[in-house]
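First up is the structure itself, then whatever we jot down about it.
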DNA sequence: CAGTGGTCTAGACCACAAA
DNA sequence: TTGTGGTCTAGACCACTGG
């Protein structure tokens with residue numbers, strides 16, 4: 024812990040600059056006069072602080088800046104959609120980062136039990152799943168799967184396309200008479216499993232956030248459920264809560 | 024990783040039951056025929072999964088069940104306050120758990136830079152801080168510090184008391200003409216530092232959530248900023264977002 | 001190829017818990 | 001006192017990187 028604190032301190036004090044390689048583990052072994060295993064644990068601590076990125080065979084680099092993106096609750100404003108951008112790209116445009124969306128799968132699937140409950144469909148029903156991976160500056164930060172009731176999507180061919188058109192799927196749904204009343208988001212943070220860590224290019228155990236969003240129409244129906252897994256270090260969430268009675 | 028998966032599998036399969044001690048590390052060394060260091064790392068993996076709690080000198084126990092509490096965004100409804108309960112206790116009443124609040128400190132402090140910014144006060148200003156620790160079923164789950172502008176609180180003696188009376192500090196503020204318009208919550212999840220883990224009785228590195236809430240009055244002023252640190256495994260957050268234009 | 005991080009070993013010593 | 005987890009050592013071997 025002492026060694027880790029010293030290294031972190033050197034980074035924060037600017038002795039080690041962003042983009043720079045920090046001393047190798049064997050070098051630290053020599054300078055501190057401790058064994059390799061101890062240095063390994065110290066470096067694991069430094070990594071956990073998020074100030075450093077380690078690559079096997081190369082070394083550890085001071086990270087340029089923890090790239091955090093804001094998720095504010097006004098990202099569902101219609102005015103963002105009418106600008107011709109999906110929520111994700113609308114946000115990225117504000118922060119000046121390169122954003123990319125990779126579509127992993129679009130097609131009918133058997134609905135997972137938890138989603139069926141939220142969508143209000145039968146347990147064995149077929150739904151449309153749209154699974155995609157979001158990248159930011161080339162690194163994956165988020166996987167998201169939208170589930171849509173079949174009877175809602177069957178008349179909207181755009182929802183089967185990789186690119187659903189300007190404004191994203193929410194705009195298409197409103198085009199077809201599904202007017203949204205509200206979105207309900209449920210968040211939970213937990214350590215990542217191994218496969219999740221691999222998907223999001225995280226070290227195993229690094230925190231992830233699971234966010235499940237229900238899109239509720241003015242008729243009270245949940246037409247879409249979006250199940251999202253995010254690298255926790257990449258996001259800050261902001262919600263405005265009216266002080267209702 | 025293989026050993027960790029096998030142990031986790033045994034827990035999930037019910038071979039190892041909640042409350043039960045799992046085999047000791049030296050026992051695992053014998054059964055798997057690997058060295059102690061390897062077992063240590065495997066157990067660290069199992070711990071990270073959250074299925075197990077380890078106590079030095081005793082062993083590792085299968086955790087009974089992760090007790091999760093909901094934080095819904097309607098917990099600031101005035102009707103909850105008028106019922107004579109603070110937000111925290113109002114929530115706990117719904118979930119049937121024993122809740123406890125321990126006041127750690129109430130008094131004037133020099134305002135932290137980040138808070139000064141949000142409160143809209145000078146950098147060196149004095150503010151009232153109310154620091155408290157929330158316990159659930161006897162274990163700490165959350166620390167929270169409320170910061171209030173001095174000129175707001177100086178006329179409200181209840182805010183200096185351990186128990187500010189029915190409805191909590193928000194009710195007292197509204198009693199004195201500060202009517203709330205909205206609350207803005209900002210969340211971020213990250214691994215816990217050593218001291219944070221100690222405060223919340225977590226294993227170091229387990230995810231925590233930092234939540235900062237600003238209470239905004241109808242006159243547009245932020246009268247309170249509440250800085251909260253929570254054990255991530257204890258909370259699920261839910262927010263309702265109106266589909267505004 | 002040399003240097004780096006990643007994993008493992010066998011053993012030592014310490015601190016804590018419970019009988 | 002015994003058994004537990006927690007930390008460290010000195011050294012081995014492997015896999016990856018980049019010249």
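Chains as they are written, first to last, in the numbering used here: chain A, 24 to 268; chain B, 24 to 268.
We put the beta carbon where it would ideally sit given N, CA and C, even for glycine.
- Within chain A, no residue has its beta carbon less than 8 Å from that of residue 35/B; the closest one is some 12 Å off.
- Taking a cut-off of 8 Å for Cβ pairs, the region 65-72 of chain B and the region 27-38 of chain B touch, as three or more such pairs fall below it.
- Secondary structure at residue 66/B: helix, using DSSP grouped into helix, strand and coil.
- With the rule of 3 Cβ pairs closer than 8 Å, the region 152-159 of chain B counts as touching the region 126-135 of chain B.
- Within the region 196-214 of chain A, contact with chain B at the beta-carbon level (separation under 7 Å) is assigned to 203, 204, 205, 206, 207, 208, 209, 210, 211, 212, 213 and 214.
- With a 10 Å radius around the Cβ and a threshold of 16 neighbouring Cβ atoms, residue 242/B comes out exposed.
- For the region 126-153 of chain A, no residue has a beta-carbon sitting nearer than 7 Å to a beta-carbon of chain B.
- Note on geometry: alpha-carbon atoms of residue 223/B and residue 142/B lie some 27 Å from one another.
- The beta carbon of residue 257/B sits no closer than 8 Å to any beta carbon of chain A.
- If the five residues before and after residue 87/A are omitted, its C-beta is found closer than 8 Å to the C-beta atoms of 41 and 42, all from its own chain and listed in chain order.
- Note on residue 78/A: under 16 other CB atoms within 10 angstroms of its CB, so exposed under the neighbour-count rule.
- Taking C-alpha positions only, residue 208/A is separated from residue 263/B by approximately 6 Å.
- Burial is judged here by how many other beta carbons sit within 10 angstroms of a residue's own beta carbon; residue 230/A has at least 16 and is buried.
- In the pairwise beta carbon analysis, the region 250-259 of chain A is classified as not touching the region 32-41 of chain B: fewer than three pairs are separated by under 8 Å.
- Residues of the region 46-80 of chain B with a Cβ closer than 8 Å to any Cβ of chain A, in chain order: 60, 68, 71, 72 and 73.
- For residue 257/A, no alpha helix (DSSP H) run applies, since DSSP gives it neither H nor E.
- Here residue 100/B carries a coil assignment [DSSP, helix/strand/coil].
- Annotated as proximal: residue 240/A and residue 204/A, with beta-carbon spacing under 8 Å.
- Pairing residue 54/A with residue 62/A, the inter-Cα distance amounts to about 11 Å.
- In the same chain as residue 185/B, and ignoring 5 residues on each side of it, the C-beta atoms closer than 6 Å to its own belong to 126, in chain order.
- The shortest CA-to-CA distance from residue 248/B to any of 170/B, 144/B, 38/B and 123/B is the one to 170/B.
- Within the model, the alpha-carbon separation for residue 206/A versus residue 140/A is close to 16 Å.
- A Cβ of chain A is located within less than 8 Å of the beta carbon of residue 230/B.
- The closest CA to that of residue 49/A, considering only 39/A, 24/A, 81/A and 38/A, is found on 81/A.
- Here the alpha carbon of residue 134/A sits roughly 31 Å from the alpha carbon of residue 75/B.
- Ranking 123/B, 147/B, 236/B and 200/B by CA distance to the CA of residue 178/B puts 200/B first.
- The beta carbons of residue 225/A and residue 251/A sit about 15 Å from each other, so the pair does not count as a contact at 8 Å.
- By the C-beta density criterion, residue 44/B is exposed, having fewer than 16 other C-beta atoms within 10 angstroms.
- Ranked by how close their Cα comes to the Cα of residue 172/B, the residues 183/B, 94/B and 163/B have 183/B in first place.
- Chain B places a beta carbon closer than 8 Å to that of residue 262/A, counting this residue as a contact.
- Per the coordinates, the alpha-carbon of residue 148/B lies some 27 Å from the alpha-carbon of residue 253/B.
- The DSSP-derived three-state label of residue 57/A is coil.
- Relative to the Cα of residue 99/A, the nearest Cα in the group 218/A, 212/A, 192/A and 213/A belongs to 192/A.
- A distance below 8 Å separates the beta carbons of residue 39/B and residue 85/B.
- For residue 268/A, at least one C-beta of chain B is nearer than 8 Å to its own C-beta.
- With contacts defined as CB atoms closer than 8 Å, residue 175/A and residue 246/A qualify as a contacting pair.
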